[in-house]
Every structure is written in structure tokens, then in C-alpha cells.
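First up is the structure itself, then whatever we jot down about it.
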Amino acid sequence: MMSDKIIKNLKGEKMRENKGFTLLELLVVIVILSLLAALLVPKLTGRLGEAKIDTTKIQLKEVKRALEMYKVDNGTYPTTEQGLKALVKKPDTPPVPKKWKQYLEKVPKDAWGNELIYIYPSDKHPFELKSAGPDGEVGTEDDISVWDE
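Position in the sequence shown (from 1) plus 1212 gives the number in the numbering used here.
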């Protein structure tokens, strides 16, 4: 066997040694990986967007429960002026709650880092509690309300 290699080398025939991939093989792998990435990345980023929406809905429900406990204890919801801060710190603007206690550690922001919107009273519901959604603008189609289901 060794002599076959020596004879081929003497005749000028070069044997290809399998030390690595050819350029063509590498290009094929790169193309396949690029196609997979092109198919998977949009799906994964879509899932991230869905996860942020779900997280925001959970936060809204948590704040809604805290507002309902506030009302049970104090007979009314915080005013728009008092805002959601009334769930963290006792308000000093009227009506000052008599049986106040801390309902939240801190007021959460939505999954995009924006403040939640709270309005009391509201036309349709006892109060309005929502997120401006992914675009961060209030009044657009992607707003997320605690009353949406």
C-alpha cells in the first residue's frame, strides 16, 4: 500500500488527502444554514413578540387585582390623579384612603418598558387599565386593555 502511494507520487499523480472540506462543500453548508436561518428567525422573533404581549396581559391582570383589593378596602378606586402609585404608596390627595395598605411592591411597566395607562372613572368599565402595546402609542390597534379577552 505504501509502495502504491510512492509510485503514484513518482508518476506525478497527486492523491487528495481528506484533511478538510473543499470550498464548494463549505459554500453548500453556508447556503443551507442561511436558508434555515431565513425560515426560523421570523418565527422566533414572532414568538418573542407574542411572549411580550402575554407578559403584559399578566401584568395588567395583576394590577387589576390590586385595584380591586384597593376598592374593597377603601370603597373606591384610586383617582386618575392618584394613579397606580396609590397601590404602592398611600395617596395624600383626596380622597385619602382610610384603610390603605400596600397592594404592590412597585408599579410594573409593560413588556416594552412603557408606563401602564390608568383612568378612573371610565365610560365602559369601572376603570381603564391598558398598555400602549408594541408601538408605544396610545389609541392604536395594538393597545392591550385589561378588559380584552
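Note that CB positions come from ideal geometry on N, CA and C, so glycine has one too.
Using the three-state DSSP reduction, which class does residue i fall into: helix, strand or coil?
{"i": "Lys1318", "result": "coil"}
{"i": "Val1327", "result": "The sequence shown places Glu at residue 1327, not Val. Glu1327: strand per DSSP, three-state reduction."}
{"i": "Gly1287", "result": "coil"}
{"i": "Glu1349", "result": "coil"}
{"i": "Glu1280", "result": "helix"}
{"i": "Glu1293", "result": "coil"}
{"i": "Gly1232", "result": "coil"}
{"i": "Thr1305", "result": "coil"}
{"i": "Val1300", "result": "coil"}
{"i": "Lys1310", "result": "coil"}
With DSSP as the reference, identify every bridge partner of residue i, one or two as the case may be.
{"i": "Tyr1332", "result": "According to DSSP, Tyr1332 bridges with nothing at all."}
{"i": "Ile1183", "result": "As shown, the chain starts at 1213 and ends at 1361. That puts residue 1183 outside it, with no answer to give."}
If we call anything under 7 Å between Cβ atoms a contact, is residue i one with residue j?
{"i": "Ile1209", "j": "Glu1340", "result": "Nothing can be reported for residue 1209, as the shown portion of the chain is limited to 1213 through 1361."}
{"i": "Tyr1315", "j": "Leu1299", "result": "yes"}
{"i": "Ala1344", "j": "Lys1264", "result": "no"}
{"i": "Asn1326", "j": "Pro1309", "result": "no"}
{"i": "Leu1329", "j": "Lys1342", "result": "Going by the sequence as given, residue 1329 is Ile instead of Leu. Cβ distance < 7 Å, so Ile1329 and Lys1342 count as in contact."}
{"i": "Gln1294", "j": "Pro1303", "result": "yes"}
Exposed or buried, residue i, counting other C-beta atoms within 10 Å across all chains shown (16 or more means buried)?
{"i": "Asp1177", "result": "Outside the shown range of the chain, which is 1213 to 1361, sits residue 1177, and nothing can be said about it."}
{"i": "Leu1239", "result": "exposed"}
{"i": "Lys1321", "result": "exposed"}
{"i": "Thr1268", "result": "buried"}
{"i": "Lys1301", "result": "exposed"}
{"i": "Leu1251", "result": "exposed"}
{"i": "Leu1279", "result": "buried"}
{"i": "Leu1296", "result": "buried"}
>> Taking contact to mean 3 or more Cβ pairs, one atom from each stretch, closer than 8 Å, check whether the segment 1354-1361 and the segment 1266-1285 are in contact.
In response: yes
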